[in-house]
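Trainee: Mapping to full-length UniProt numbering: the sequence shown position 466 is 466, numbers consecutive. Note that beta-carbon positions come from the ideal geometry of N, C-alpha and C, so glycine has one too. Mind looking over this structure? Questions follow.
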Amino acid sequence: MEKASVNTIALYMHYNSFFEKLIIFLQFSFSLFTKTTRKKGQALHQKIRLLGPLGMAMLLGRCSAASISKKSFSHLQSFGKWWNHFEAWNSPVIKKVIPAGNITQRRQGLNTSLPKSSTKNFLNYDGKILIIGYGSIGSGTLPLILRHINIPLENITVITADDRGKEALHDAKRFGVNAYVQALTKDNYKQILSKHLKAGDFCLNLSVDVCSVDVMEFCAANKVLYLDTVIEPWKGGYTDTNKTISERSNYALREDVLALKRKCETNKWDVTQISCHGANPGMVSHFVKHSLLTIAKDTGSKNKTVPTTQEGWAKLANDLGIKCIHIAERDAQVSNIPKKRGEFVNTWSVDGFLSEGMQPAELGYGTHEKALPFDGRKHNFGNDSAIYLEQPGCVTKVRSWTPIEGSYHGYLITHNESITISDYFTHRNGNGKLLYRPTVHYSYHPCDAAISSLHELYGKNLESQSKHRLMVEEITEGIDELGVLLCGHAKNAYWFGSQLDVRHAREMAENNQATSLQVCSSTWAGMLWALYNPKRGVVECEQMDYEFIMKCIEPYISPLHGEYTTWTPVEGRGIFFPDDRDLEDPWQFKNIRVREMHLPEELKHAHKLMNNSRY
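So this is what it looks like as structure tokens:
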């Protein structure tokens, strides 16, 4: 009988038709006459019943070594959600994949003692992959690439700056890939990229202080696939005092990407360049689409079809009455090493967090808003989908809600998804007149060690600590609850997202914890989408197939949870002290923003002058 490798089992999952399943069932029934197969099948059946989904992961991951026939697995479909957990890998596009063998037998550097969700290869790829940057995301994404893409190890190269050079060289030796310690600069990036990339290769930009648009333009012009998780300027760009606050914003950086998109279309550079596809920005945009369809179903919306265009999605959000969308995250991971004085501690890139936090607070600003914030400003260029506040995001707080944490105060850190989601779900009439746009912003409650680090940063007038520490192995427990909160519809508010526990994250992928795996799994899924869609030009995550991405990342970021709530940002306030609230519309940004109870008179006067006309 044919012995089943991991890929054989994975391909078996693709047999979807009734007749195919009937044939396989009959074949399996016949195979029961074989004593050895019957015993192995029965033993496996009982083990999976006892161990549940994790046991199934471990057993399927070892099916090759156990020499079990693929026909022994047909009865497992009766396990419902456990079997469906692994069918999450089955995307209609992925059915065309050529199997690539058991990757754990080839990647000796991987820790194969950890239970995996799957060791399935999705494709063979003979191009080269260049990973720029080896922080928490670069180091966490590499094991996923090795697991799921069959590529010669010598075709993978990591380039990183000195601060992560030691880690990159160590992992390169362990995994068998190439690594170089060299910072990319405005003067040398073309020379370095030309050395490592040619047409058909893949550039994965996971760095800080490397201009995303410049690297993207190089890749587009040279027919190299590209993906990043954030739009970065060259070093110093976030704090360049020669630029206005508006010019230092993510809104401005995104406009640079859109300008490059137009240039690519003019020059007919059509190789796929994905801008900002990590967890957020990235994964959360797919969560929004999923949530809209859930709300439409649960509220009895007349719109029964799944939108296929930007206009269709925007109209659906408008019809459902979505007023605001929070990217609501509560990181509850804790470490056994306390934060020390003069140290900034975080569960993901400290440099990345500081860069974002030092930028102006930004948000997509909706058509339901009655007035601009007193310190809110519009940009004088672009499509006007977002505004900024005249203060950094790391000192701007907003109210939000997640199912486990409940109500909380988070930081309005600027993120690209606040702008792209607001823009994508903008609805206009045939003449281009603005009819609808939701307010969209991030509400980030980092881990407690990072909160303490931020307080120290404030006390030093935003001068960064001398030591930065990334929490990885020292994390002892905790969940990163990351999702989207859609507010203002008939059922008030709906949260959908990932409630990934650090222990589960470590079981699923090396070099990861809960925060990083949410980013890394989405990064890898975006790579896969690009390889299957290599001629899409410059794209943002809202323009990608959300179902494809969700099926790829679900085994890594589960449990996924959706929950309605009666919470509003005005409840429980004004009891002990006067509080300026808009009770007619709880979803006004003035209710969501955390501020002083009473504004000074001069600010009230300035606020009144700036809002003599409705936004």
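Quick check on L435: buried or exposed, where buried means 16 or more other Cβ atoms within 10 Å of its Cβ?
Mentor: So L435 ends up on the exposed side.
Trainee: Per the DSSP calculation, N150 is bridged to which residue(s)?
Mentor: N124.
Trainee: The beta strand (DSSP E) with G406 in it runs from where to where?
Mentor: Residues G406 to Y411.
Trainee: Between D480 and D331, which are expected to be in contact by the criterion C-beta below 8 Å, what is the C-beta distance as a whole number of angstroms?
Mentor: Their Cβ separation, rounded to whole angstroms, is 5 Å, which keeps D480 and D331 in contact under 8 Å.
Trainee: With distances taken between CB atoms, is the gap from V288 to S275 smaller than 8 Å?
Mentor: Not closer than 8 Å, so no.
Trainee: Alpha carbon to alpha carbon, how far is S395 from T305?
Mentor: Residue 395 is actually Val in this sequence, not Ser. Taking the straight line from one Cα to the other gives about 42 Å.
Trainee: Please identify the residue among W313, S443 and R428 whose C-alpha is closest to the C-alpha of T414.
Mentor: Comparing Cα positions, the closest option is S443.
Trainee: Work out the CA separation of V570 and N303 for me, nearest whole Å.
Mentor: Rounded to the nearest angstrom, the two C-alpha atoms are 31 Å apart.
Trainee: Over the uninterrupted alpha helix (DSSP H) stretch that includes T266, give me the two end residues.
Mentor: First-last of the alpha helix (DSSP H) with T266: N250 to N267.
Trainee: From the DSSP output, in three-state form, read off G140 for me.
Mentor: In this structure, G140 counts as helix in the three-state DSSP scheme.
Trainee: By how many angstroms is the C-alpha of C264 removed from the C-alpha of T244?
Mentor: Straight-line Cα distance between these residues: approximately 28 Å.
Trainee: Between which two residues does the alpha helix (DSSP H) holding N178 run?
Mentor: Careful: N178 lies outside any alpha helix (DSSP H), inside the beta strand (DSSP E) at N178 to V181.
Trainee: Quick check on this structure: which residue in L486, H379 and Y226 has the alpha carbon closest to the alpha carbon of E540?
Mentor: Measuring from the Cα of E540, the nearest candidate turns out to be Y226.
Trainee: Taking three-plus beta-carbon pairs below 8 Å as touching, is the stretch 504-516 in contact with the stretch 306-314?
Mentor: No, they do not touch.
Trainee: Measure the C-alpha to C-alpha separation of T565 and S246 and round it to an integer number of angstroms.
Mentor: Computed Cα separation, rounded: 36 Å.
Trainee: How do the stretch 419-433 and the stretch 364-377 stand: do at least 3 beta-carbon pairs fall below 8 Å, yes or no?
Mentor: Touching, yes.
Trainee: Just list the alpha helix (DSSP H) runs in the stretch 342-400, keeping only unbroken ones of 4 residues or longer that don't cross its boundaries, in chain order.
Mentor: Qualifying alpha helix (DSSP H) stretches, in chain order: 350-358.
Trainee: Using the C-alpha atoms, what's the distance from C487 back to A573?
Mentor: Rather than Ala, the amino acid found at residue 573 in this sequence is Arg. Using only the alpha carbons, I get a separation of about 19 Å.
Trainee: Just grab the DSSP bridge partners of G488 for me.
Mentor: Note: G488 sits in no beta bridge, so no partner.
Trainee: Taking only the alpha-carbon atoms, compute the straight-line gap between M358 and Y238 and give it to the nearest angstrom.
Mentor: Cα to Cα, M358 sits roughly 7 Å from Y238.
Trainee: Is there a Cβ from chain D that is less than 8 Å from the Cβ of K433?
Mentor: Structure shown: chain D not included; a single protein chain is present.
Trainee: Around the Cβ of D209, are there at least 16 other Cβ atoms within 10 angstroms (buried) or fewer (exposed)?
Mentor: Answer is buried; the Cβ neighbour count reaches 16.
Trainee: Just how far apart, CA to CA, sit I404 and S558?
Mentor: Taking the straight line joining both Cα atoms gives about 15 Å.
Trainee: Going along the chain, which unbroken runs of the beta strand (DSSP E) with 3 or more residues stay wholly within the stretch 418-465?
Mentor: Within the stretch 418-465, the complete beta strand (DSSP E) runs of at least 3 residues are 434-436 and 439-445.
Trainee: Specify, as a first and last residue, the run of the beta strand (DSSP E) that T160 falls within.
Mentor: Where T160 is concerned, the enclosing beta strand (DSSP E) stretches over I156 to T160.
Trainee: To which residues of the same chain is R595 closer than 6 Å at the C-beta, ignoring the five residues directly before and after it?
Mentor: Closer than 6 Å at Cβ, skipping near neighbours: no residue.
Trainee: Does V213 come out as helix, strand or coil in the three-state DSSP assignment?
Mentor: Looking at V213 - three-state DSSP - the assignment turns out to be helix.
Trainee: Quick one: give me the first and last residue of the beta strand (DSSP E) that S275 is part of.
Mentor: Taken as a continuous stretch (DSSP letters only), the beta strand (DSSP E) holding S275 covers Q273 to S275.
Trainee: Can you round the beta-carbon distance between T439 and K297 to whole angstroms, since I take them to be within the 8 Å contact cut?
Mentor: At roughly 24 Å, the Cβ-Cβ gap does not stay under 8 Å, so T439 and K297 are not in contact.
Trainee: Check this for me: beta carbons of T156 and N178, under 8 Å apart or not?
Mentor: Checking the sequence, you will find Ile at residue 156 rather than Thr. Going by C-beta atoms, I156 is nearer than 8 Å to N178.
Trainee: Helix, strand or coil for W529, going by three-state DSSP, please let me know.
Mentor: The answer is helix: DSSP assigns W529 an H, G or I state.
Trainee: Quick one: grab the DSSP three-state call for G236.
Mentor: G236: coil per DSSP, three-state reduction.
Trainee: Going straight from the alpha carbon of R254 to that of S355, what length do you get?
Mentor: Each residue's alpha carbon lies about 16 Å from the other.
Trainee: Would you call the CB atoms of H561 and Q499 closer than 8 Å?
Mentor: Yes, they are a contact pair.
Trainee: Sort out for me which residues DSSP pairs E563 with in a bridge.
Mentor: W495, per the DSSP bridge assignment.
Trainee: Which one or two residues does DSSP pair with K315 in a beta bridge?
Mentor: DSSP output for K315 lists no bridge partner at all.
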